[in-house]
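Trainee: Before anything else, here's the structure in question.
2 protein chains.
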Amino acid sequence: MAIELKDLTKRQDNYSQWYNDLVIKADLAEQSAVRGCMVIKPYGYAIWEKMQQQLDRMFKETGHVNAYFPLLIPKSFLSREADHVEGFAKECAVVTHYRLKNAPDGSGVVVDPAAKLEEELIIRPTSETIIWNTYRNWIHSYRDLPILCNQWANVFRWEMRTRMFLRTAEFLWQEGHTAHATREEALDEAVKMLNVYADFAEKYMAVPVIKGVKSANERFAGALETFTIEAMMQDGKALQSGTSHFLGQNFAKAFDVTFVNKENKPEYVWATSWGVSTRLMGALIMTHSDDNGLVLPPHLAPIQVVIVPIYKNNEQRDEITAKVTPIVEVLRKRGISVKYDDADNRRPGFKFADYELKGVPVRLAIGARDLANGTVEVMRRDTLQKSVEQLDGIVDRIGALLEEIQDNIYQKALKHRESMTRTVETYDEFKEEIEKGGFILAHWDGTPETEEKIKEETKATIRCIPLDGDKTPGKCMVTGKPSAQRVIFARNY
Amino acid sequence: MAIELKDLTKRQDNYSQWYNDLVIKADLAEQSAVRGCMVIKPYGYAIWEKMQQQLDRMFKETGHVNAYFPLLIPKSFLSREADHVEGFAKECAVVTHYRLKNAPDGSGVVVDPAAKLEEELIIRPTSETIIWNTYRNWIHSYRDLPILCNQWANVFRWEMRTRMFLRTAEFLWQEGHTAHATREEALDEAVKMLNVYADFAEKYMAVPVIKGVKSANERFAGALETFTIEAMMQDGKALQSGTSHFLGQNFAKAFDVTFVNKENKPEYVWATSWGVSTRLMGALIMTHSDDNGLVLPPHLAPIQVVIVPIYKNNEQRDEITAKVTPIVEVLRKRGISVKYDDADNRRPGFKFADYELKGVPVRLAIGARDLANGTVEVMRRDTLQKSVEQLDGIVDRIGALLEEIQDNIYQKALKHRESMTRTVETYDEFKEEIEKGGFILAHWDGTPETEEKIKEETKATIRCIPLDGDKTPGKCMVTGKPSAQRVIFARNY
Chain A
251 MAIELKDLTK RQDNYSQWYN DLVIKADLAE QSAVRGCMVI KPYGYAIWEK
301 MQQQLDRMFK ETGHVNAYFP LLIPKSFLSR EADHVEGFAK ECAVVTHYRL
351 KNAPDGSGVV VDPAAKLEEE LIIRPTSETI IWNTYRNWIH SYRDLPILCN
401 QWANVFRWEM RTRMFLRTAE FLWQEGHTAH ATREEALDEA VKMLNVYADF
451 AEKYMAVPVI KGVKSANERF AGALETFTIE AMMQDGKALQ SGTSHFLGQN
501 FAKAFDVTFV NKENKPEYVW ATSWGVSTRL MGALIMTHSD DNGLVLPPHL
551 APIQVVIVPI YKNNEQRDEI TAKVTPIVEV LRKRGISVKY DDADNRRPGF
601 KFADYELKGV PVRLAIGARD LANGTVEVMR RDTLQKSVEQ LDGIVDRIGA
651 LLEEIQDNIY QKALKHRESM TRTVETYDEF KEEIEKGGFI LAHWDGTPET
701 EEKIKEETKA TIRCIPLDGD KTPGKCMVTG KPSAQRVIFA RNY
Chain B
251 MAIELKDLTK RQDNYSQWYN DLVIKADLAE QSAVRGCMVI KPYGYAIWEK
301 MQQQLDRMFK ETGHVNAYFP LLIPKSFLSR EADHVEGFAK ECAVVTHYRL
351 KNAPDGSGVV VDPAAKLEEE LIIRPTSETI IWNTYRNWIH SYRDLPILCN
401 QWANVFRWEM RTRMFLRTAE FLWQEGHTAH ATREEALDEA VKMLNVYADF
451 AEKYMAVPVI KGVKSANERF AGALETFTIE AMMQDGKALQ SGTSHFLGQN
501 FAKAFDVTFV NKENKPEYVW ATSWGVSTRL MGALIMTHSD DNGLVLPPHL
551 APIQVVIVPI YKNNEQRDEI TAKVTPIVEV LRKRGISVKY DDADNRRPGF
601 KFADYELKGV PVRLAIGARD LANGTVEVMR RDTLQKSVEQ LDGIVDRIGA
651 LLEEIQDNIY QKALKHRESM TRTVETYDEF KEEIEKGGFI LAHWDGTPET
701 EEKIKEETKA TIRCIPLDGD KTPGKCMVTG KPSAQRVIFA RNY
């Protein structure tokens, strides 16, 4: 392990390589035999499970229910909504046959040409089409509304350049799809779920986010409005972390979903969809981790506290175990997940490095001298600070320390973002500042053409038009035309 | 609703139609636009979620962790294990292209012939191949073993005749894949998970099962031994409800997965796999439900108790609500899920029929007279019996009643199975008895040929060679050759 740690690239040497190394070395995920598809390893999956559980709770608290819709979508469904097909047809996995047969030469199996599908099926890149085709039969009257469904599912988009968690061909996500009687109610829902995502990011992932609206260029294919939460990584690049779409009546029109309103008149249904994915794992890793490995927020760490005994013989070990066992029990009763690692086949130094690499928030080490003194060594992963503490009352202090770490890494990320957010007035200034990374607040004339020009010349895109903050109008830094408010530019993942 | 209930086919008229009706009318699932794929509706999915949560808890208690492996499998992987490819190549969805493009005539989208994959990909029908290809890099020494992974996933098998939950092209399941250093340890694991499945079926689903071993004909493609739990439905047909496979070293050999053992010698790894699926929903529905609708075991019911107020005006309703609110709170504190349905737009009779159809185990109805008398009407779904009870102490009685219902439906199903299980000596007797349905215990000479003959002539298969019970040897009812013990024959789903 000492060797492996040495192999972890330093952030300042190569941030991108550091990320790739970390995903592998912390046992989070690895590439599979299928291009662009990853294997999520048990430790990585355990973090994702904690995310899922919390998000699922928040969805249910806001009145949503889970359901499950088919993996495969008839090809013709994709082209029903004009913008949607442009956005998704280019990158999808197409099922054309339903059977293999033995190769005549005995070399294995080949596709059976007799088993060709009449209409090809697409592995869902997102499920608006199949779901709205289903909703047609669920919705007749305003009494059937709203429908507030979510599904946890895998989706597939044929990406050319992939990076584990950040951009993979197959990924896991949740997609909420809601149906409403009025425009206003649908818009409220889209904003409500944006707020749920922001709360989750900030309170559980300890990742500060900016809530905003996407420009037309960056909008979801088929949406009238896309809301987003944008986070800043340690290298100053933006990561879109969750989106919530107001779909208007586009999908209702494409799939002919109408309802009879209270005035007894037929009307198209209003829609939203919203999703977060295993991409959040990438945001989590890149926001907090350091050159020693992962730093996990206590609210999502599969192991929150690890206790490592330091002993010279079995007698010492047994004494330590006897002292530690009741502490472990009380911690567990308080809902804190603890691992007591008294495994004999690895030395303490090896274990320390491993749990640092894995980002366990709090490590306790206890040896013979501690036993004699009634003390324990406490190391917090975020600052790597060690302190010797009294065993008496240690449970309360661990509970408080976990909350302190949770808050500290959030504040640290927030300060980092603030220090890398600047306001510019001119395009020249912009070009200079964007090279240094971070978020640049600048005026823009609201046109796709100007945004496109800036992107081509600087590789920066509009991450969002922020919902909160300064709303002073001004003049576009490129064209000098009127600008309603400053927007956030950044290079992004 | 009264109308819809009338439309529910009676079991004795057409059991199969009753099942299909019930799945639709109880809002569990429906057919989708993709042949053989169903939509699992929120109420059905809520039951499946309860199953998942409990199974996941049991897997973790037995030392397993979750992970996630790719949806798509390279075609060539399938043919690595000779038996496996025979079992699965015939019925799989094949991805051949990775892009669509606009049709030249503007009619929609077509497959882009330029985007043909070099090697086709298969949507996983099960994941042994991709997982063992992954394990090759995870396993080097006996110290890396055992690996005890599970995944919750969707799988796809191109079935020609489908029925919701029982046999669908896409279904949801969990698949455990474990790797071991010794044959004995792998066999123990396979049996351990069989026992976990049996416990789950009996204690949570209230479905009695027979644990046994599959004959060679019914074995999983690639396994040395398949263990199974077999349940009997109300129509006397068997339903295979979960299987656990001892795979020997077959997949380790196919994917070249070796480890260095304690004697420092290379050896192939030993394997198991085990799975249960949304098919369990079919078992649950068909075991307990009746002509009034679903009957759900309290341990898996999304709503365990529903409370319906009966009132003539808002004042009465408010009085009832005031009385009921603290009861609801106490029930929830005890972990009992309660719905207080004071919705104004449906009459009590309609609500009663609807909650019966949905299988809610306990229904309370409370009206003005009850308020005056301090009473409540309690209806239990399993027997449809009503009783008037004192409100005082009602919380304790509901807790006890839920357990009583759980036990009662299990006992009822067990008695049904026992009453439909017979022993026969001759093949003539067998042919007569098999027509009446149920499990037939008979002697069999252990050959695939005899089993095949019986299947052709009677449509009955060997469901399993039971692990428990009578082990007396005898003579095969068909050939007169020696038989080690009686086996269970039945027609099956």
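Going down the list, the sequences are from chains A and B. Under the working numbering, residues 251 to 743 are what the first sequence spells out, in order. Under the working numbering, residues 251 to 743 are what the second sequence spells out, in order. Beta carbons are placed, not taken as given, at the ideal position from N, Cα and C, and that holds for glycine. Source: prediction; values computed, not measured.
Restricting to Cα atoms, I'd like to know which of Thr432/B, Arg261/B, Leu416/B, Ser266/B is closest to Glu513/B.
Mentor: Closest by alpha carbon: Thr432/B.
Trainee: Of the choices Arg597/B, Glu370/B, Thr522/B, Gln484/B, whose alpha-carbon is the least far from that of Asn400/B?
Mentor: Checked all of Arg597/B, Glu370/B, Thr522/B, Gln484/B; the closest Cα to Asn400/B is Thr522/B.
Trainee: Buried or exposed: His390/B, going by 16 or more other Cβ atoms within 10 Å of its Cβ?
Mentor: The residue in question, His390/B, is exposed, as its Cβ has fewer than 16 Cβ neighbours within 10 Å.
Trainee: Should the region 677 to 688 of chain A be regarded as contacting the region 654 to 662 of chain A, the criterion being three or more beta carbon pairs within less than 8 Å?
Mentor: Because the criterion of three Cβ pairs below 8 Å is not met, the region 677 to 688 of chain A and the region 654 to 662 of chain A do not touch.
Trainee: Consider the Cβ of Ser527/A: report whether some Cβ of chain B lies at a distance smaller than 8 Å.
Mentor: Taking Cβ atoms only, chain B never reaches closer than 8 Å to Ser527/A, which makes this a no.
Trainee: Between the Cα of Arg631/B and the Cα atoms of Thr711/B, Trp524/B, Ile655/B, which residue gives the shortest distance?
Mentor: Of the candidates Thr711/B, Trp524/B, Ile655/B, the one whose C-alpha sits nearest the C-alpha of Arg631/B is Ile655/B.
Trainee: Please state if the CB of Glu341/B and the CB of Arg349/A are separated by a distance shorter than 8 Å.
Mentor: For Arg349/A and Glu341/B, yes; Cβs fall inside 8 Å.
Trainee: What are the boundary residues of the alpha helix (DSSP H) that includes Val645/B?
Mentor: Run containing Val645/B: 644 to 669, per the alpha helix (DSSP H) assignment.
Trainee: On the three-state DSSP scale, how would you describe Trp408/A?
Mentor: Three-state DSSP puts Trp408/A in coil, outside helix and strand.
Trainee: For the region 288 to 304 of chain A, which residues have a CB atom closer than 9 Å to at least one CB atom of chain B, in sequence order?
Mentor: Listed by position along the chain: Met288, Val289, Ile290, Lys291, Pro292, Tyr293, Gly294, Tyr295, Ala296, Trp298, Glu299.
Trainee: Thr384/A touches chain B at which residues, Cβ-Cβ below 7 Å?
Mentor: Those are Ser282, Val289, listed as they occur along chain B.
Trainee: Who pairs with Met482/A in a beta bridge, going by DSSP?
Mentor: Ala488/A, per the DSSP bridge assignment.
Trainee: Beta carbon of Val463/B, beta carbon of Glu480/B: below 8 Å?
Mentor: Their beta carbons are not under 8 Å apart, which means Val463/B does not touch Glu480/B by this criterion.
Trainee: Quick check on Tyr561/B: does DSSP put it in helix, strand or coil?
Mentor: Note: Tyr561/B maps to coil in three-state DSSP.
Trainee: Can you grab the Cα-Cα spacing for the pair Arg417/A / Arg529/A, in whole Å?
Mentor: So the two alpha carbons sit approximately 7 Å from each other.
Trainee: What is the residue span of the alpha helix (DSSP H) that Thr700/B lies within?
Mentor: Residues 698 to 708.
Trainee: With DSSP run on the structure shown, which of helix, strand or coil describes Pro324/A?
Mentor: Here Pro324/A sits in strand by DSSP.
Trainee: Mind pulling the chain A residues with CB within less than 8 Å of Phe470/B?
Mentor: Those within 8 Å of Phe470/B in chain A number zero; the least Cβ separation is about 19 Å.
Trainee: Could you give the DSSP three-state label for Met414/A: helix, strand or coil?
Mentor: In the structure shown, Met414/A sits in coil (DSSP, three-state: anything other than H, G, I, E or B).
Trainee: Is there at least one Cβ from chain A nearer than 8 Å to Arg349/B's Cβ?
Mentor: Cβ-Cβ to chain A under 8 Å: yes for Arg349/B.
Trainee: How about Trp524/B: is its C-beta nearer than 8 Å to some C-beta of chain A?
Mentor: No, Trp524/B lies away from the interface with chain A (no Cβ there is under 8 Å from its Cβ).
Trainee: Would you grab the beta carbon distance between Asp591/B and Val558/B for me? Rounded to a whole angstrom, and I think it's under 8 Å.
Mentor: About 5 Å separates the two Cβ atoms, so the contact holds.
Trainee: Compute the Euclidean distance between the alpha carbons of Leu614/A and Arg584/A, then round it to the nearest angstrom.
Mentor: Cα to Cα, Leu614/A sits roughly 17 Å from Arg584/A.
Trainee: Assuming Ile323/A and Leu371/A are in contact, meaning their beta carbons sit under 8 Å apart, how far apart are those beta carbons, in whole angstroms?
Mentor: The Cβ separation is near 7 Å, so the contact holds.
Trainee: Using the Cα positions of Gly492/A and Glu331/A, report the straight-line distance between them to the nearest angstrom.
Mentor: C-alpha separation (whole angstroms): 23 Å.
Trainee: Helix, strand or coil for Pro547/A? Go by DSSP, reduced to three states.
Mentor: Coil.
Trainee: Tell me which same chain residues have a C-beta within less than 7 Å of the C-beta of Glu639/A, skipping the five on either side of it?
Mentor: Only Thr625, Val626, Val628, Arg647 meet the Cβ criterion.
Trainee: Report the rounded CA-to-CA distance for Glu683/B versus Gln490/B, giving the unit in angstroms.
Mentor: Taking the straight line joining both Cα atoms gives about 21 Å.
Trainee: Quick check on Leu258/A: does DSSP put it in helix, strand or coil?
Mentor: The answer is coil: DSSP assigns Leu258/A none of H, G, I, E or B.
Trainee: By how many angstroms is the C-alpha of Thr671/B removed from the C-alpha of Leu544/B?
Mentor: Leu544/B and Thr671/B: Cα-Cα distance of roughly 25 Å.
Trainee: Looking at the C-beta of Phe496/A, does it have a partner C-beta in chain B at a distance below 8 Å?
Mentor: No - not a single Cβ of chain B is within 8 Å of the one on Phe496/A.
Trainee: Closest to Arg619/A by CA distance: which of Arg736/A, Tyr561/A, Ile577/A, Val612/A is it?
Mentor: Considering only alpha carbons, the answer is Tyr561/A.
Trainee: Using alpha carbons as the reference points, say which of Leu634/B, Ile297/B, Ala317/B, Gly696/B lies closest to Glu606/B.
Mentor: Selected option, being the one with the closest Cα: Leu634/B.
Trainee: What residue range does the alpha helix (DSSP H) around Ala502/A cover?
Mentor: Looking at the DSSP string, the run of the alpha helix (DSSP H) that includes Ala502/A is 500 to 504.
Trainee: Would you say Leu641/A and Gln554/A are within 8 Å of each other, going by their C-beta atoms?
Mentor: No, the pair does not count as a contact, with Cβ atoms beyond the cut-off.
Trainee: Please decide whether Leu607/B counts as near chain A, where near means a Cβ-Cβ distance under 8 Å.
Mentor: Taking Cβ atoms only, chain A never reaches closer than 8 Å to Leu607/B, which makes this a no.
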